[in-house]
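Each remark here refers to the structure printed beneath this line.
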Amino acid sequence: MSTILAISFGAFIGAPLRALVEQYATRVRSPLTTLLLINSLGSLLAGFSIGAFSGDLRILLVIGLAGAFTTFSGWALAFTIYADALTQARLTYSVRFVRLGVAVIFATVVPGLAAWGGWLISQHN
Amino acid sequence: MREASRLAVIGVGGVLGALSRAGVSQIFGQDRLELGDQSANFPWATLAINVTGAFLIGILAVALITDNSSYRKPFLITGFLGGFTTFSALALEAVDLFDRGLWFTALVYLIVTVGAGLLAVNIGVRATRRVVRT
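Those protein sequence lines, which keep their order, are chains W and P. Take the first sequence: its letters are residues 1 to 125, numbered as in the numbering used here. Take the second sequence: its letters are residues 126 to 259, numbered as in the numbering used here.
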């Protein structure tokens, strides 16, 4: 029961927080860059929290808050729209391949490093 | 006030999504939330969650493209699917696999998630476009 409450509480903050960050950040950056920021911040929080906390607080922060703040489906949709836009811009195959490749590498490596960094910070007393 | 109720709708969707994610993790027996957990040699639960969520967002993005309701998209797409799928667990699990020396498994996990996820969005979009047109 406490697990359900912890996840619910974290997600009730995490999902609307993502909507707010998206709303403001997409005024100055593309949806894909905005989601990279969101996923990296959330991964940093998850990495730190899994190392720093235990019990229900860890569940609240890692599964609830960071889990609902970050999104894979939203990123996959934004990436698909970006890929369509590149196709419609009639860019050559090699230019599209490089741009999409860079987008995928950034989208996976930066949150990964953020999660690792968060965990390292939590271990540094 | 309108903004507050939109955020509340996203919050409720997010809670239902996150609880569903936790339920799927439990079904897969991967809900221990510990680094270095030897039972989690491949994070099947998160992979299944993210690919399923990507397929559903492809369907909904097309099905709700002309939807004028102020609550359906925030509830289903931003709230539920956003809360159901996750990037932080993906990042944590990949880092954990690397840390345990399972770097090949970590790379396969990342490549399969991204590849299958993007394929799932495309299948969802194309299938729904076909249904919506006819």
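Yeah, the Cβ is synthetic: ideal placement off N, Cα and C, and Gly gets one too. Please read these numbers as outputs of a predicted model, since none were measured by experiment.
Against W:Val62, the close residues of chain P are Leu158, in the order they occur along the chain (beta-carbon pairs closer than 7 Å). When DSSP states are grouped into helix, strand and coil, P:Pro168 belongs to the coil group. Counting only residues of its own chain and dropping the five nearest sequence neighbours on each side, P:Ser145 has a CB closer than 7 Å to the CB of Phe209. Listed in chain order, the non-local C-beta contacts of W:Trp119 below 8 Å within the same chain comprise Gly47, Phe48, Ile50, Gly51, local neighbours out to five positions each way being set aside. In this structure, the straight-line span from the alpha carbon of P:Val187 to that of W:Asn39 is close to 24 Å. Every alpha helix (DSSP H) of 4 residues or more that sits fully in the region 129 to 210 of chain P is shown, in chain order, as 169 to 188. One alpha carbon belongs to P:Phe229, the other to P:Ala219, and they sit about 10 Å apart. Considering only W:Thr92, W:Ile4, W:Trp75, W:Leu100, the residue with the shortest C-alpha distance to P:Gln151 is W:Ile4. DSSP, read as helix, strand or coil, puts P:Arg255 in helix.
Around W:Ser2, no beta-carbon contact reaches into chain P at under 7 Å, the shortest distance being about 13 Å. Residues of the region 79 to 90 of chain W whose Cβ lies closer than 9 Å to any Cβ of chain P, in chain order: Phe79, Thr80, Ile81, Ala83. For W:Ala15, at least one C-beta of chain P is nearer than 8 Å to its own C-beta. The Cβ atoms of W:Leu44 and W:Ala103 lie no closer than 8 Å to each other.
If you check each beta-carbon in the region 236 to 257 of chain P against every beta-carbon of chain W, the ones closer than 8 Å belong to Thr238, Val239, Gly242, Leu243, Ala245, Val246, Asn247, Val250. Per the Cβ contact rule, the region 82 to 99 of chain W is not in contact with the region 56 to 72 of chain W (fewer than 3 Cβ pairs under 8 Å). The region 6 to 67 of chain W is shown to contain whole alpha helix (DSSP H) runs of 4 or more residues at 31 to 52, 55 to 59, in chain order.
With a beta-carbon spacing of about 17 Å, W:Ala15 and P:Gly148 fall beyond the 8 Å limit used to define contacts. At a cut-off of 8 Å between beta carbons, W:Ala25 makes no contact with chain P. A check of alpha carbon separations from P:Gly154 across P:Gly139, P:Ala170, P:Gly240 identifies P:Ala170 as the nearest. Counting only Cβ-Cβ distances below 8 Å, W:Ile121 has no contacts in chain P at all, with the closest Cβ about 13 Å away.
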